[in-house]
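Worksheet: one structure, shown below.
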Amino acid sequence: MLDINLIRQNPELVRERLAKKGFEADFTEFIAIDGERRKLIQETELLKAEKNKASAEIPRLKKEGLDTTEIMARMKQVSDQTRQIDEQLAELSARQQEFLDSLPNMPADDVVAGGKENNKVIKVFGSKPEFDFAPKHHVDIVENLGIIDYTRGAKLGGSGFWVYRQDGARLEWALLNYFMQEHLKDGYEMLLPPHILTYQCGYTAGQFPKFKDDVFQLRRDDGDGFSHFILPTAETALVNMHRDEILIEAELPFKYFAYTPCYRKEAGSYRAEERGMIRGHQFNKIEMFQYTVPEQSDAALEELVGKAAALVEGLGLHHRISKLAAGDCSASMTKTYDIEVWIPSMDDYKEVSSASNAGDYQARRGNMRFRRQASGKTEFVHTLNASGLATSRILPAIVEHYQQADGSVIIPEVLRPWMGGQERLTAK
RNA sequence: GGAGACGUAUCGAAGAGGUCAUAACGAGCUCGACUCGAAAUCGAGUUGUCCGCAAGGGCACGUGGGUUCGAAUCCCACCGUCUCCGCCA
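Written out as structure tokens, the structure reads:
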């Protein structure tokens, strides 16, 4: 949610900054409603003040044995009037809120306008692997090795699911262990949150109402709408940890990471070139999350990107880091870096981590504040998130990068401690 | 799933239609006094938010409705916590 005062004071500025994201905002109706709303607030509060005075008066008059019929009749009137105004007010507020909810976050000043085409690669690690044999697609490799079972995955969950088996399951778990180890080393607190969340959690994250159809919803038996959903990313849980709290400045930043599977409908997003585990309905991810004071969020974002990149680097995978143009950042974010790993069979880079600074956008939606030590005033915190990492594209990258002519795959060294020291995946 | 109890400030807790919601009482915390210093004692302070240039008002007793001139207090629904019973990994 954007700062309503900023829109009031400088709608043109907000309009320009949203335009960088390709979002066209028109505030004329909003401003009109806002003026009307504030007028009504003043009216109703005047009446309420009168009511409060009378409420103190009535018992006094009664005690003195005086007649209160007249004042009570007058108050009946005031009460009806107040109710009427409050109804109008609620209507206007709802409309205003709905509009506010629909506005994405404003991109940071150093983020360029435009869409994907303006993304800028800022760092490249390693180079494309070269093979002296015909390299295989990861689906073929993992099926030969018997470590991912797509057929039975579909049997169990339908298309878009798979089963990790044998060394595949161990490799997956090794990756997660490797990530967790690094985060713990860096002093991040490990969390294991619920995977089923309330609607409010999706709202705070900025996921709802706009993108509520991207998640698996859990319907109530009665009525319409949904009260819970299965999380599409641990970010949705982590951003709600401190909802409606006032944090202590000296205790910030909070640095968390959580492992959860991520569940996404991905309706209509199937592409042939993404066969395998590039885009599934469920994938494993470790998510990093920070709550910071505003002046520290920029540095925190750099830290998160650095951490995510270091993980990919530790695996020795060729990847690049891009700074996204405004239009390619998701709605809640002011600035985003993507880390993309090279997938040889796709002849393309695929995202393995997205690191973003939401500024105070999510904090406003979730009412997450901290108290300034110096002034005693409350202020919204900044929230940041970064995958660290999602495995579903790392595992294909690993098997494709490290495949050998005989169909075996060299296991990256950092993972071997969790593979019983094993150095290579071979067909059993 | 059944039965019941309870949600009030940082915590415990009183209030049971108006005269107690900047909320009694107790504790904590902050500042000050006393002290060489500390403890004890004494004094002061200690929620958030909205409208307003300000003066000054409004709102919030889990949440949302209702009854009433007036609701923390009565009624309804929902959420949460706890206890007992049943079922269960």
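If you're matching positions, the first sequence starts at 1332 in this note's numbering and goes up one per residue. Here a beta-carbon is modelled for each residue, glycine too, at the ideal position from N, C-alpha and C. Owing to the predicted nature of the structure, the values given are computational and were not obtained by experimental measurement.
A Cβ-Cβ separation of about 6 Å places Ile1364 in contact with Arg1426 under the 8 Å criterion. Residue burial is scored here from C-beta neighbours: Met1403 has fewer than 16 other C-beta atoms within 10 angstroms and is therefore classed as exposed. Counting C-beta atoms within 10 angstroms of its own C-beta, Met1521 has fewer than 16 neighbours from the protein chains shown and is therefore classed as exposed. Arg1414 has its alpha-carbon roughly 45 Å from the corresponding atom of Tyr1594.
Rounded to whole angstroms, the separation of the alpha carbons of Asn1698 and Asn1436 is 16 Å. Counting only unbroken stretches of 4 or more residues, the alpha helix (DSSP H) elements lying wholly within the stretch 1529 to 1587 are 1530 to 1536, 1566 to 1569, in sequence order. A distance below 8 Å separates the beta carbons of Leu1746 and Tyr1509. DSSP, reduced to helix, strand and coil, places Ala1721 within a strand of the structure shown.
The beta carbons of Tyr1692 and Met1406 sit about 43 Å from each other, so the pair does not count as a contact at 8 Å. For Glu1448, the three-state secondary structure derived from DSSP is helix. With at least 16 other beta carbons inside 10 angstroms of its own, Val1740 counts as buried. Ala1500 has its alpha-carbon roughly 31 Å from the corresponding atom of Ala1536. Thr1623 sits close to Leu1583, with the two beta carbons spaced by under 8 Å. Here Asp1679 is bridged, per DSSP, to Ile1674. Tyr1587 and Ile1617 have their alpha carbons spaced roughly 10 Å apart. Counting C-beta pairs closer than 8 Å gives three or more between the stretch 1729 to 1743 and the stretch 1457 to 1468, which meets the contact rule. Annotation: the stretch 1384 to 1453 contains no complete segment of the beta strand (DSSP E) (minimum length 3 residues).
For Thr1482, the uninterrupted alpha helix (DSSP H) segment begins and ends at 1481 to 1488. Straight through space, the alpha carbons of Gln1408 and Leu1549 are spaced by roughly 45 Å.
The secondary-structure analysis by DSSP pairs His1713 across a beta bridge with Thr1623. Counting C-beta pairs closer than 8 Å gives fewer than three between the stretch 1693 to 1713 and the stretch 1721 to 1730, which falls short of the contact rule. In this structure, Gly1533 lies away from Gly1446, with their beta-carbon atoms at least 8 Å apart. Contact between the stretch 1674 to 1694 and the stretch 1655 to 1666 is present, with at least three C-beta pairs closer than 8 Å. Counted as a single uninterrupted DSSP element, the beta strand (DSSP E) harbouring Ser1653 occupies residues 1650 to 1654.
The secondary-structure analysis by DSSP pairs Arg1702 across a beta bridge with Ile1579, Thr1709. DSSP places Arg1696 in the helix class (H, G or I) of the three-state scheme.
Taking the CA atoms as reference points, Thr1591 sits about 32 Å from Asn1449.
In the DSSP annotation of this structure, Glu1744 is not part of any beta strand (DSSP E), being labelled neither H nor E.
Sorting Asp1669, Met1572, Met1677 by C-alpha distance to the C-alpha of Ala1639 places Asp1669 at the top.
Residue Arg1369 holds the alpha-carbon nearest to the alpha-carbon of Ala1421 among Glu1731, Gly1484, Glu1644, Arg1369. Here Leu1562 is actually not in contact with His1514; their C-beta atoms are around 19 Å apart, not less than 8 Å. Secondary structure note for Met1608: it is in no alpha helix (DSSP H), with a DSSP letter that is neither H nor E. Within the same chain, Ala1657, Lys1666 come within 6 Å of Val1442 by CB-CB distance, once the 5 residues on both sides are set aside. Boundaries of the alpha helix (DSSP H) around Glu1343: 1342 to 1350.
When secondary structure is reduced to three states using DSSP, Pro1592 falls in the strand class.
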